[in-house]
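There are 2 protein chains.
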Amino acid sequence: MENTSQHSPEDLLKLENQLCFPLYAVSRMLTKAYQPYLQALDLTYPQYLVFLLLWEHEELTVKELGEKLLLDSGTLTPLLKRMEQKQWLSRRRDPRDERSVIIGLLPAGRELQKAACHIPEQLLGHMGMSVTEFEQLRTQLNTLLTRLT
Amino acid sequence: MENTSQHSPEDLLKLENQLCFPLYAVSRMLTKAYQPYLQALDLTYPQYLVFLLLWEHEELTVKELGEKLLLDSGTLTPLLKRMEQKQWLSRRRDPRDERSVIIGLLPAGRELQKAACHIPEQLLGHMGMSVTEFEQLRTQLNTLLTRLT
DNA sequence: CAATATTTAATTGCACACAACTAAACATTG
DNA sequence: CAATGTTTAGTTGTGTGCAATTAAATATTG
């Protein structure tokens, strides 16, 4: 009859009973697990996410990147400028709407995909999860993400 | 016979097939969901996590805080100094081991607990999850956290 | 016990995140 | 079409995160 979960106001305030903490911690630890692979490519984790989108779409506006990554221009503009400096991508105004900035993949950025294509498999190993567990967790998180946005 | 998950190297590089992205995004969106409640208390999210531990333990060394939150002194030291300035906690060297710094809850910090004690319930509502779902996800994340640390 | 190694915080430097604000381009509306 | 409103990036300032280094205190070891 013992219930492992505690629901009194005080117990709800314990770190171990929070959902937010494991989310926060796992997110950071997973980023850290990517580190050795990304560092070899001179990439940061959010830069890698930008590449995941550009490798698929070739060209995206800052607004579209922001919508997909849930990041605003305050984060993206400096990040994209750093990536531009490395010749990975180009930034240019859309001639049909000068408010928009189009981010385009450059050859050096396209080249990186070859070096990055095995990262997901390697990380999967790091996490030690079955494909079923993996997809279950991804589905749950995506559902939660929809509710939070 | 259709398989919704794609396992070719190219598909594994799509953002939508990553586990890391929903983790990263949910973590940030959840932090943002805490924002209005924490802002009312002049707290940031990691500062709130420090309080969750201090409300339970009263006194902890920087090392212990770091072990529990998976943060290092490079993050904690400036964060704790800001909290010290607000008179929420004290920082003093341990007389028995001058290397350690003991973080102690001050009255103003203890007071905050009263104002914060309903935050978890309110967030639970925000997430729109059943208690079962909540605990299932928390368990999965904690397992993953163990593997990653 | 002296030399060396380890532990613990603090510091430095860089890259996010994000709120708040600005400025330019475009859209709407009377 | 002029005035107003909206959209889009960029800017500024603050607060994390974290790797790498430093410095002081303690532990270990020959």
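In order, the protein sequence lines correspond to chains L and Z. Per UniProt numbering, the first sequence starts with residue 1, numbered consecutively. Per UniProt numbering, the second sequence starts with residue 1, numbered consecutively. Backbone N, C-alpha and C fix where the C-beta goes; we use that ideal spot for every residue, glycine too.
(1) Please report whether the beta-carbon of Z:PRO107 lies at a distance below 9 Å from any beta-carbon of chain L.
(2) How about L:GLY109 and L:PHE51: do their beta carbons lie closer than 9 Å?
(3) With distances taken Cα to Cα, identify the nearest neighbour of L:ARG91 among L:LEU60, L:THR149 and L:MET29.
(4) Can you name the residues of chain Z whose CB is closer than 8 Å to the CB of L:ALA116?
(5) What residue range does the alpha helix (DSSP H) around L:THR149 cover?
(6) What does DSSP give as the partner residues of L:VAL101 in its beta bridges?
(7) Could you pull the start and end residues of the alpha helix (DSSP H) that Z:GLU58 belongs to?
(8) Nearest CA to the CA of Z:LYS86: which residue from Z:LEU123, Z:LEU41 and Z:TYR24?
(9) Within the same chain, show all residues whose beta-carbon is closer than 6 Å to that of L:TYR48, passing over the 5 residues directly before and after it, in chain order.
(10) For the stretch 61 to 80 of chain Z, enumerate the residues whose C-beta is nearer than 8 Å to any C-beta of chain L, in chain order.
(11) Which chain L residues are close to Z:ARG138, counting only those with a beta carbon under 7 Å from its beta carbon?
(12) Check whether the Cβ atoms of Z:LEU23 and L:LEU15 lie closer than 9 Å to each other.
(13) Determine the closest residue to Z:LEU105 out of Z:SER27, Z:MET83, Z:GLN136 and Z:CYS117, with distance taken between C-alpha atoms.
(14) Tell me which residue opens and which closes the alpha helix (DSSP H) that Z:SER27 is part of.
(15) Less than 9 Å separating the beta-carbons of L:VAL26 and Z:LEU69?
Result, derived from the coordinates:
(1) no
(2) yes
(3) L:LEU60
(4) LEU13
(5) Counting along the chain, L:THR149 falls outside any alpha helix (DSSP H), and DSSP gives it neither H nor E.
(6) Under DSSP, the beta-bridge partners assigned to L:VAL101 are L:ARG93.
(7) Here Z:GLU58 belongs to no alpha helix (DSSP H), and DSSP marks it neither H nor E.
(8) It is Z:LEU41 whose Cα lies nearest to the Cα of Z:LYS86.
(9) LEU38
(10) Residues passing the 8 Å Cβ filter: LYS68, LEU69 and LEU70.
(11) LEU19 and PRO22
(12) With contacts defined as CB atoms closer than 9 Å, Z:LEU23 and L:LEU15 fail to qualify as a contacting pair.
(13) Z:MET83
(14) 20 to 39
(15) no
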